[in-house]
Ligand SMILES: Cc1cc2nc3c(=O)[nH]c(=O)nc-3n(C[C@H](O)[C@H](O)[C@H](O)COP(=O)(O)O)c2cc1C
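In the working numbering, the protein residues as written are 457 to 773.
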């Protein structure tokens, strides 16, 4: 089956997902292939220049030229409200090897919004402008400064003005999660709103939200009038979703996914996140349940287990 609206230049970006898409997950998913870029979990900026070690912890790929082991570039995402501190930290991230810098204007978390970071900034078009201008001025011109926004906080009335402000401030690209903060993660995503924004903004846009399959990707491209896509939960539910979309690969079989789960176990246990493994694998299985009925049964067997060794026994069973 060919995708009629597929352009060979269309890019697929792995979405930032705090607490889920860490460097191990980026490694695994970019080895499977299809992704052109990854964005890290957000680094929270308040009132200081964070030391290099914070960036290396969030993004160990910085030790390898900002590339995953498969060679996919990684971009550090910053979240905060202070233009000057964001600018200082953006400069630092890029100097350390981040492929440009991404700014988070979409996070719905209460703690983050209370301190005026993430989606709450969508109520303040001027703040978006000031932040992106400051970051753009601090980062070398050849390095992209990108933004990730939702369509609004309570409603979509500022969606267009916000995108225009980001463009006017010098953003290189905007990824649009096609929902408001209040709409959370509930379907649908309003891809047609991305087309509206496309009508008034010249910089490249990336469509994001509710892309779980090739059919979704095709429909999203039609409705958003946007070729570049960002994949989040869909890439966890179907680990080769990027290749399914880009190369019309067959969706991975459950057996292949099981092998991946075991490999992830190896990564996690021998990597630096051993103690998080039980929760991480359960969380990932939570996403896999959507695509694979077998994940439901496996989840039921492991969800009370606390030790990695016990989970591995069940994985091998
Ligand atoms: C658990 C979780 C963590 C997330 N963390 C971030 C984040 O750190 N930065 C960000 O910009 N978006 C974050 N998002 C939003 C995703 O990047 C994406 O915009 C959203 O999940 C919609 O895309 P999807 O339907 O493909 O998952 C997160 C989403 C989830 C579910």
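Quick reminder that beta carbons are idealized off the backbone N, C-alpha and C, glycines included.
Taking the C-alpha atoms as reference points, what is the distance between residue i and residue j?
| i | j | result |
| --- | --- | --- |
| residue 646 | residue 575 | 17 Å |
| residue 689 | residue 563 | 15 Å |
| residue 497 | residue 769 | 30 Å |
| residue 478 | residue 681 | 30 Å |
| residue 633 | residue 743 | 19 Å |
| residue 539 | residue 626 | 14 Å |
| residue 458 | residue 772 | Unreliable positioning characterises residue 458 in this predicted model, as indicated by a pLDDT of 40, which lies under 50. A coordinate reading is not provided. |
| residue 461 | residue 669 | Below a pLDDT of 50, predicted positions are generally treated as unreliable, and residue 461, at 46, falls in that range; the measurement from the model is reported next regardless. C-alpha separation (whole angstroms): 15 Å. |
| residue 719 | residue 485 | 12 Å |
| residue 573 | residue 661 | 22 Å |
| residue 531 | residue 754 | 34 Å |
| residue 748 | residue 695 | 11 Å |
| residue 403 | residue 610 | Residue coverage of the chain in this structure runs from 457 to 773, which leaves residue 403 outside it and unanswerable. |
| residue 746 | residue 536 | 33 Å |
| residue 470 | residue 617 | 26 Å |
| residue 503 | residue 570 | 15 Å |
| residue 663 | residue 558 | 15 Å |
| residue 656 | residue 577 | 21 Å |
| residue 603 | residue 711 | 37 Å |
| residue 525 | residue 613 | 42 Å |
| residue 740 | residue 528 | 22 Å |
| residue 495 | residue 523 | 11 Å |
| residue 653 | residue 583 | 19 Å |
Cβ of residue i versus every heavy atom of ligand 1: is any distance shorter than 7 Å?
| i | result |
| --- | --- |
| residue 687 | yes |
| residue 667 | yes |
| residue 609 | no |
| residue 633 | yes |
| residue 742 | no |
| residue 476 | yes |
| residue 646 | no |
| residue 533 | yes |
| residue 696 | no |
| residue 562 | yes |
| residue 679 | no |
| residue 473 | yes |
| residue 738 | no |
| residue 732 | no |
| residue 497 | yes |
| residue 745 | no |
| residue 490 | no |
| residue 690 | yes |
| residue 429 | Because the chain spans 457 through 773 in this model, residue 429 falls outside it and cannot be assessed. |
| residue 618 | no |
| residue 664 | yes |
| residue 604 | yes |
Run through the DSSP bridge pairs and tell me what residue i is partnered with.
| i | result |
| --- | --- |
| residue 778 | Nothing can be reported for residue 778, as the shown portion of the chain is limited to 457 through 773. |
| residue 687 | 470 |
| residue 498 | 533 |
| residue 672 | Residue 672 is not bridged to any residue. |
| residue 558 | 533 and 602 |
| residue 614 | Partner(s): none; residue 614 has no beta bridge. |
| residue 437 | Missing from the structure shown is residue 437; the chain here goes from 457 to 773 and no further. |
| residue 493 | 469 |
Round the Cβ separation of residue i and residue j to the nearest angstrom and send it over; I've been treating them as touching at under 8 Å.
| i | j | result |
| --- | --- | --- |
| residue 621 | residue 605 | Between residue 605 and residue 621 the Cβ distance is about 10 Å, and since that is not below 8 Å, they are no contact. |
| residue 505 | residue 511 | No, residue 505 and residue 511 are not in contact; Cβ-Cβ is about 11 Å, not under 8 Å. |
| residue 758 | residue 767 | 5 Å |
| residue 624 | residue 546 | About 18 Å; that fails the 8 Å criterion. |
| residue 468 | residue 701 | 6 Å |
| residue 691 | residue 697 | 5 Å |
| residue 508 | residue 552 | 6 Å |
| residue 643 | residue 679 | With 8 Å as the limit, residue 643 and residue 679 do not qualify as a contact, their Cβ atoms being about 14 Å apart. |
Which residue comes first and which comes last in the beta strand (DSSP E) that contains residue i?
| i | result |
| --- | --- |
| residue 533 | 530-535 |
What span of residues does the alpha helix (DSSP H) with residue i cover, start to end?
| i | result |
| --- | --- |
| residue 733 | 733-744 |
| residue 509 | 508-514 |
| residue 766 | 764-772 |
| residue 681 | No alpha helix (DSSP H) holds residue 681; DSSP gives it neither H nor E. |
| residue 539 | 539-552 |
| residue 585 | 581-594 |
| residue 651 | 647-654 |
| residue 483 | 479-488 |
| residue 658 | No alpha helix (DSSP H) contains residue 658, which DSSP labels as neither H nor E. |
| residue 698 | 697-703 |
| residue 517 | Careful: residue 517 lies outside any alpha helix (DSSP H) and carries neither H nor E. |
| residue 756 | 749-758 |
Within the 8 Å Cβ cut-off, does residue i reach chain D?
| i | result |
| --- | --- |
| residue 485 | No chain D is present in this structure, which holds just one protein chain. |
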